[in-house]
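Undergrad:
2 protein chains.
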Amino acid sequence: MATIKDVALKAGVTVTTVSRVMNNRGYLSEKTKEKVHQAMEALDYHPSEVARSLAQKQTTLLGVIVPSLLHPYYNEVINALENHASLLGLKLLVCNAQRNAQKEAEYIDMLKANKVAGIILCTQSRNSVRSLINLPVVTLERSISPSVPAVLCDNEMGGRIAAEHLLSRGCKNLVMIQGGRSSEERVQGFTRTCEEDSVSFHVVHASKRQFHQLDYADLINTLFTDSPAIDGVFASSDVIAAQVIQICHKRGLCVPEDVKVIGFDDVDLARLLSPALSTIHQPIEELCAHAIQTIVRWEDTEKQSRTILPVHLVQRSST
Amino acid sequence: MATIKDVALKAGVTVTTVSRVMNNRGYLSEKTKEKVHQAMEALDYHPSEVARSLAQKQTTLLGVIVPSLLHPYYNEVINALENHASLLGLKLLVCNAQRNAQKEAEYIDMLKANKVAGIILCTQSRNSVRSLINLPVVTLERSISPSVPAVLCDNEMGGRIAAEHLLSRGCKNLVMIQGGRSSEERVQGFTRTCEEDSVSFHVVHASKRQFHQLDYADLINTLFTDSPAIDGVFASSDVIAAQVIQICHKRGLCVPEDVKVIGFDDVDLARLLSPALSTIHQPIEELCAHAIQTIVRWEDTEKQSRTILPVHLVQRSST
DNA sequence: TGATGTATGTCAAGCGGTTGACATATTTTG
DNA sequence: CAAAATATGTCAACCGCTTGACATACATCA
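For the protein sequence lines, the chains are A and B, in the order given. Residue 225 in the UniProt record's numbering sits at position 225 of the first sequence, and the numbers go up by one each step. Residue 255 in the UniProt record's numbering sits at position 255 of the second sequence, and the numbers go up by one each step.
(1) So with Cβ pairs under 8 Å, would you call Pro275(B) a contact of chain A?
(2) Out of curiosity, what's the CA-to-CA distance linking Ser19(B) and Ser53(B)?
(3) Of all the CB atoms in chain A, is at least one closer than 8 Å to the CB of Met22(B)?
(4) For the alpha helix (DSSP H) containing His71(A), list its first residue and its last residue.
(5) Do Leu253(B) and Val261(B) count as a contact pair if the criterion is CB distance below 8 Å?
(6) Could you name each continuous alpha helix (DSSP H) segment of 4 residues or more that falls completely within the stretch 178-208 of chain B, going from the start of the chain to the end?
(7) Among residues of its own chain, excluding the 5 on either side of Arg169(B), which ones have a beta-carbon nearer than 8 Å to its beta-carbon?
(8) Cutting at 6 Å between CB atoms, please list the residues of its own chain near Ile177(A), excluding the five before and the five after it.
(9) I want to know whether the stretch 106-114 of chain A touches the stretch 61-71 of chain A - three or more CB-CB distances under 8 Å.
(10) Using 8 Å as the Cβ pair cut-off and three pairs as the minimum, do the stretch 112-132 of chain A and the stretch 291-299 of chain A touch?
(11) Counting only beta-carbon separations shorter than 8 Å, does Pro47(B) have a partner in chain A?
(12) Is DSSP giving Ile119(A) helix, strand or coil here?
(13) Compile a chain-ordered list of the residues in the stretch 73-104 of chain A whose CB is closer than 8 Å to at least one CB of chain B.
(14) Determine which residues of the stretch 242-256 of chain A have a Cβ less than 7 Å from any Cβ of chain B, and write them out in chain order.
(15) Which class does Leu253(A) belong to by DSSP, given the choice of helix, strand or coil?
(16) Quick one: is Lys31(B) near chain A, going by C-beta distance under 8 Å?
(17) Let's see if you can read the secondary structure: which residues bound the alpha helix (DSSP H) around Asp265(A)?
(18) Taking just the CA atoms, how far does Met157(B) sit from Pro310(B)?
(19) Going along the chain, which residues of the stretch 191-225 of chain A sit with their C-beta nearer than 8 Å to a C-beta in chain B?
(20) Tell me, please, whether the CB atom of Asn114(B) is closer than 8 Å to any CB atom in chain A?
(21) Taking the C-alpha atoms as reference points, what is the distance between Arg142(B) and Ala8(B)?
(22) Can you tell me whether Thr139(B) is helix, strand or coil according to DSSP?
(23) For Gly179(B), count neighbouring Cβ atoms within 10 angstroms of its own Cβ and tell me buried if that reaches 16, exposed if not.
(24) Tell me, please, whether the CB atom of Leu121(B) is closer than 8 Å to any CB atom in chain A?
(25) Find the nearest neighbour of Leu223(A) within the set Glu195(A), Val175(A), Ser183(A) and Cys194(A), judged by alpha-carbon distance.
(26) On the DSSP bridge list, what partners appear for residue 322(A)?
(27) With Ser168(B) as the anchor, note down where its alpha helix (DSSP H) starts and where it stops.
(28) I'd like to know whether the C-beta atoms of His281(B) and His249(B) end up nearer to each other than 8 Å.
(29) State the start and end residues of the unbroken alpha helix (DSSP H) segment that holds Val21(A).
(30) Among residues of its own chain, excluding the 5 on either side of Val244(B), which ones have a beta-carbon nearer than 6 Å to its beta-carbon?
(31) Any C-beta of chain A within less than 9 Å: which residues of the stretch 261-285 of chain B qualify?
(32) Would a check of beta-carbon distances place Leu69(A) closer than 8 Å to chain B?
(33) Assuming Cys153(A) and Leu287(A) make a contact with CB atoms under 8 Å, what is their CB distance in whole Å?
(34) Does chain A have any CB closer than 8 Å to the CB of Val239(B)?
(35) Starting from Met40(B), find everything on chain A with Cβ-Cβ shorter than 8 Å and list it in chain order.
(36) When the cut-off is 8 Å and only beta carbons count, does Asp109(A) lie next to chain B?
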């Protein structure tokens, strides 16, 4: 591999000059630039990012820590992050903490040792906060500390919209299934709306294990057995909603005729289900874009900020 | 941030010694090791991976280039790769070429400039082959050149199994929907099996655009309109199968009573559909593990190798 | 004319590790 | 007891790029 020295030699200048033309700083004559460029071309020179990073004490790597890579929500997050990152010349280093606080801590150390430009945290453990000082970090759909900027969607509003929608579709007996990932705000929005309308409702919480395996079948079956009158289900994620639909099918309940189902997230899965799932759309693209901006403009960002982006209903065929 | 010098100073030894204890090479007395470890502890020292990489001319980064981050198949691939990589102390750099040969080439250059330990290629453009020389590269479910080792699943066998299964379930009019991603071998396996059994069948190919948007609705609708006698569909990916099921629902066809549907990949989506999808299971974990081994043991690997891993049927409720 | 500013480059010290070559004990061995 | 083996460390040159400090050489200005 050709190095900057080879280029300098070939172009008849010093490495400083070569570096200058690469980074376009200082005064350079067109002639010099030309010479250097030709030498680079001739040698098929590609500057080492590693050396550059060492000299600059910073890389163009962006770390993302997610609690799972199997949940479609995080897949879409990674997709969006990668898109925006690559536009800015940043590269995504993907870390799967697997809902394990220790793994998360290890990943944070690793990212620091790799001098990443910033970290986007989608995990929940608060105990890593102190190791995050002096490092551009933003949490996505999470809020772990007032000193770490957070980007979230309007979860409470999402819960409200979901409840209102089910009610407007004529449901009388609502239930919300709250999976591990989602925030308490969704529950609150749902609960408050139901209370305001004094409609019959309840909320069931999935266990961590169920979340981990993304398998809520037992929970849902129990639910329908215990409360056969249910005619509207708000699932706190599309994955849960998918399983609600499955189980309705199995139990001979028609969706949406007998039971209406609404999800949350609006991941691709939602449109692939039969019937296609009505759901609360999370602005994943915008969330991710904002998160990356926060990292990139770290100096200007208000460290205590909480950015909340609006959600909206996407009605399909399940309600 | 403390550096190796600070540690050396504090421990009363030279940087060489510190480096030695970090890398556990040469003779070290327990006493020295202890001193050094204490100094590290006291300074909360974390060696810079960047500096280390520069000195060793290699990083512990592993590049993955996929054609899409929205397709669930690649999500599962990334999940599996991350798992195996992290076990070996490797980090995943995720690149989304978006089925764009130029982007792919740019990513390859970027990965080279970042001195990655290796690249796992899930994309198809063959024109990048020459820029891949002298670099540990393996293609996953792809084969772009005899000189680049490939890890694939037994696609032809998958096609056979799918066809045989549909036939064994009593289907008389088969169709295969071939999406952009999948290999020609699947078609061959399917076709040959049908021919051997002299059963009525045909194959339709999706356009690149449809693949890109993961939206095959038009294609499938046309298919059912043109050939109403279809009673068995083999979709070359679970995503396509999901849409087949949707459209059957909409057209009032029952799955599996009227039409049996089988997919390929066995991504998580398959078990979430209603009815749950029968599909050909790809051993993603094994494929990825093997791909990473190929990179890690590059010196020992046969560059011309093609590793083909077996697939098997997972029968659920759609057939 | 001398000060000032602009244009074009060079020097060399980092950045934070790694490592081959050496030096100096301390043991072991024949 | 001298040679060989083992143990414990140090020196300093690299890895490839960045950058502040410093030359020069002209033009321009007052």
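Beta carbons: idealized from backbone N, C-alpha and C, even for Gly.
TA: Once the coordinates are examined:
(1) yes
(2) 14 Å
(3) Not an interface residue.
(4) That residue, His71(A), is in no alpha helix (DSSP H); it is neither H nor E in DSSP.
(5) no
(6) 184-196
(7) Gly232, Pro256, Lys260 and Thr319
(8) Hits under 6 Å: Val204, Ala235 and Ile240.
(9) Flag = yes, the stretch 106-114 of chain A and the stretch 61-71 of chain A touch.
(10) yes
(11) Closer than 8 Å to the CB of Pro47(B) there is at least one CB belonging to chain A.
(12) strand
(13) Asn75, Glu76, Ile78, Asn79, Glu82, Asn83, Ser86, Lys91, Leu92, Leu93, Val94, Cys95 and Asn96
(14) Ala242, Gln243, Ile245, Gln246 and His249
(15) Coil, per DSSP.
(16) no
(17) Element bounds for Asp265(A): not the alpha helix (DSSP H) but the beta strand (DSSP E), Lys260 to Asp265.
(18) 8 Å
(19) Leu214
(20) yes
(21) 49 Å
(22) strand
(23) buried
(24) no
(25) Leu223(A) has its Cα closest to that of Val175(A), out of Glu195(A), Val175(A), Ser183(A) and Cys194(A).
(26) Missing from the structure shown is residue 322(A); chain A here goes from 1 to 319 and no further.
(27) Asn155 to Ser168
(28) Not closer than 8 Å, so no.
(29) Its alpha helix (DSSP H) spans residues Val15 to Asn23.
(30) Ile220, Val233, Ala235 and Val261
(31) Asp268, Leu269, Arg271, Leu272, Leu273, Ser274, Pro275 and Ala276
(32) Flagged as an interface residue toward chain B: Leu69(A), by a C-beta distance shorter than 8 Å.
(33) 6 Å
(34) yes
(35) Here the premise fails: no neighbours, minimum Cβ distance about 13 Å.
(36) yes
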